[in-house]
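Residues in the sequence shown are numbered from 41 upward in steps of one, following my numbering. Backbone N, C-alpha and C fix where the C-beta goes; we use that ideal spot for every residue, glycine too. Because the structure is a prediction, the values reported are computed rather than measured. A short write-up of the structure that comes next.
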Amino acid sequence: MGIFKKKNGKNESVKEEKDVKMMILEKMNEDINGTIYDNCLLVPRFGFSIDIQIGRNEVRKLSAEESSTGESAEIRLLQVIFIIKHDDFDEPIIEPVAAQGHDLDQAIVMAVETFKGGLWHTLQQAFTKQKGLPVEVNYLMQHYDFDMYAESVVLVGDKDKQPAMLINFIKDVIPKYIGSKKYYWVRIFLARHGDKKTIEVRVNGTVCPGLAPNFVKYIDSWADNGNIVTEKQYALFIQREDDKCPFDKELVVSGSKKAIEMMENCNNPEEYKAMKEELDETIGDIALSAEIRIFIPEILARLVIGYSEGDSLFLIDGESQIEFRKTQLRSYYYMQQVVLEYLSKTPDKDKVMKIVSNSAAFREIQKAVKEGHDPKELYVPGTTYKIAVDNYFVW
C-alpha cells in the first residue's frame with residue numbers, strides 16, 4: 041500500500057493560480073486601500089469591484105544571445121486580466137496586461153504598476169471629478185453633455201520615447217461614437233515591432249475600425265529600436281445628466297433571446313407576422329421590438345458569413361438617410377452579445393439560415409457571391425434600417 045500520493049497536477053495548478061492572484065490583489069491594495077473579500081478587491085468609496093484572472097504564468101529560458109547579461113537566464117512571463125465592475129456600467133471593463141520580470145515578484149510589480157498607471161488612474165480621476173474636460177455630443181436632434189477624463193499614457197518598450205496623449209488624435213471624432221448612456225470608456229492600444237503595426241480602438245469594449253486610421257501617421261513615425269513598443273491610454277466619458285432610457289439591458293437581452301427562438305420556427309409570412317405581434321406584446325416597446333427584429337438577422341449574417349462591416353448605421357427617415365454609429369444605439373451590442381451566445385451553443389444550421397434569410401445584407405452578399413466574389417473579402421459600410429414607428433427615438 042502506498043504511503044505517499046501523487047500530486048494532482050490540476051489541483052496544484054489551481055492552487056498556484058489562487059496564490060498568484062492573492063499576491064497581485066495584495067500588491068494592488070497597497071495604494072488603492074480597498075478591501076480584499078472572496079478573492080476580489082472591493083473599493084467601496086467608488087463602488088468598484090476589481091477581479092483578476094491569470095491568463096499566462098510561465099518561465100521562459102533565455103539563451104546567452106537573448107539575455108542582456110550575455111549569459112543564459114530565466115524570465116517570468118505573466119498576463120493578468122483585470123475585470124472592473126460597477127453597478128452603473130453596462131459591461132465590466134476588461135483590461136489585459138502583459139508583464140515580465142526576473143522572478144514572479146518583479147512580474148507582479150510590473151503588472152500592477154501598468155494597471156495603476158493606465159486604467160486605474162483614469163477611473164480615480166473620473167470618480168473624484170478631477171480635470172474633467174467638457175464634451176458635447178449631438179446626433180439625431182439629440183444633445184448630451186459629458187465630462188471626459190483621460191490620464192497618462194502607458195509606454196512599454198522604449199525608455200527614450202516621448203509618448204503622446206493618444207486621445208487627442210480622435211478628440212474631434214470621438215463624440216460621434218458616444219450616445220445617451222451614462223458612461224462610455226475608450227481604450228486606445230498601439231503596438232509596433234519592426235514593420236508589424238497594431239492599432240486598436242475600443243468604445244465600451246467594442247472594436248471600432250473607423251477610429252484606427254487617425255493613428256496611422258503617428259505610429260509610422262515611431263523609430264524601430266528592435267523591441268516591441270506599445271502605447272495605451274484610457275478615457276472615460278461621464279454624462280452630466282442621469283440616464284433617461286425607458287428600457288434596460290435585461291429587457292433587450294430577454295427580448296432578443298425570445299426573438300431568436302421564434303424566428304427559428306417561422307416558415308412563412310403569416311407566421312412571421314404572428315411572431316412580430318407576439319414580440320411587440322412581450323417587450324411592450326414597439327420601437328425596441330422593431331430594432332430586435334431588424335438587427336438580429338443582420339448581426340447573425342455578418343458573424344456567420346464573415347464579411348467586414350463598418351461602424352455605421354443608416355437610418356431611413358422619409359426620403360433622407362441619416363448616418364450615426366452603432367455605439368450610439370445602445371441596444372445594438374446587447375443584441376450582438378445574445379447572438380454570440382446563441383452561436384456558441386452550435387445551433388442547427390438550417391435554423392440559423394432561416395433567421396439569416398431575413399437579412400438585407402445577406403441578400404446583397406448572395407448576389408455578389410453569384411458574381412464570383414468571396415464574401416470574406418467584401419466590405420459593408422454599415423446597416424441601413426427603417427423603423428415604422430411614429431416619433432422613433434434612438435436610445
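Residue i and residue j: beta carbons closer than 8 Å?
| i | j | result |
| --- | --- | --- |
| A341 | A299 | no |
| E338 | T423 | yes |
| I64 | I124 | no |
| S294 | E331 | no |
| N254 | T367 | no |
| Q93 | I115 | no |
| D91 | C80 | yes |
| I210 | L251 | yes |
| P215 | E176 | yes |
| I336 | I395 | yes |
| I356 | K426 | yes |
| C248 | Y217 | yes |
| F155 | H126 | no |
| L180 | V344 | no |
Under the three-state reduction of DSSP, which class applies to residue i: helix, strand or coil?
| i | result |
| --- | --- |
| Q170 | coil |
| I125 | Here the sequence assigns Lys to residue 125, which means Ile is not the residue at that position. Correct three-state label for K125: strand. |
| K47 | Low local confidence applies: a pLDDT of 44 at K47 is under 50, so the model's placement there is unreliable, with the coordinate-based value given in what follows. DSSP places K47 in coil when its eight states are reduced to three. |
| W160 | helix |
| S399 | coil |
| A263 | coil |
| M205 | coil |
| R370 | helix |
| L102 | strand |
| H183 | strand |
| V194 | strand |
| V213 | coil |
| I64 | helix |
| V392 | helix |
| M41 | Residue placement at M41 is flagged as unreliable, the pLDDT there being 38, under the threshold of 50; a coordinate-derived value is accordingly withheld. |
| S348 | strand |
| A138 | strand |
| K407 | helix |
| Y382 | helix |
| K416 | helix |
| N69 | helix |
| F277 | strand |
| F354 | strand |
| D91 | strand |
| K272 | strand |
| E153 | helix |
| A147 | helix |
| Y189 | strand |
Am I right that residue i and residue j are in contact with their C-beta atoms under 8 Å? What's the rounded C-beta distance?
| i | j | result |
| --- | --- | --- |
| I239 | V226 | So it is not a contact: roughly 13 Å between Cβ atoms. |
| F277 | F167 | In fact, because the Cβ distance is near 13 Å, the residues do not count as touching under 8 Å. |
| V152 | M68 | 5 Å |
| L328 | M302 | Between M302 and L328 the Cβ distance is about 15 Å, and since that is not below 8 Å, they are no contact. |
| D283 | K221 | 6 Å |
| K416 | G346 | 5 Å |
| E271 | L369 | Not a contact, Cβ separation roughly 30 Å. |
| N267 | G197 | 4 Å |
| G74 | L82 | 5 Å |
| Q273 | V193 | 5 Å |
| D264 | G219 | Going by Cβ atoms, the distance from D264 to G219 rounds to 39 Å, so no, they are not a contact pair. |
| K201 | V269 | 7 Å |
How about residue i: is its Cβ closer than 7 Å to a heavy atom in the ligand ATP?
| i | result |
| --- | --- |
| I72 | The ligand ATP is absent from the structure shown, which contains no ligands of any kind. |
Secondary structure, alpha helix (DSSP H): runs of 4+ residues fully inside the region 288-342 = 289-303, 309-323
Contained beta strand (DSSP E) runs [length at least 3] in the region 224-260, N- to C-terminal order | 236-243
Contact between the region 356-376 and the region 309-322: three or more CB pairs below 8 Å?
-> no
The region 249-261 / the region 168-175 touching (three or more Cβ pairs under 8 Å) | no
Check whether the region 132-150 touches the region 181-190, taking contact to mean three or more Cβ pairs, one atom from each stretch, closer than 8 Å.
-> no
Would you be able to state if there are at least three C-beta pairs under 8 Å between the region 413-422 and the region 344-356?
-> yes
The region 300-310 / the region 228-236 touching (three or more Cβ pairs under 8 Å) | no
At least 3 beta-carbon pairs within less than 8 Å: the region 154-165 vs the region 131-142 | yes
Cβ pair count under 8 Å reaching 3, the region 379-397 against the region 281-291 | no
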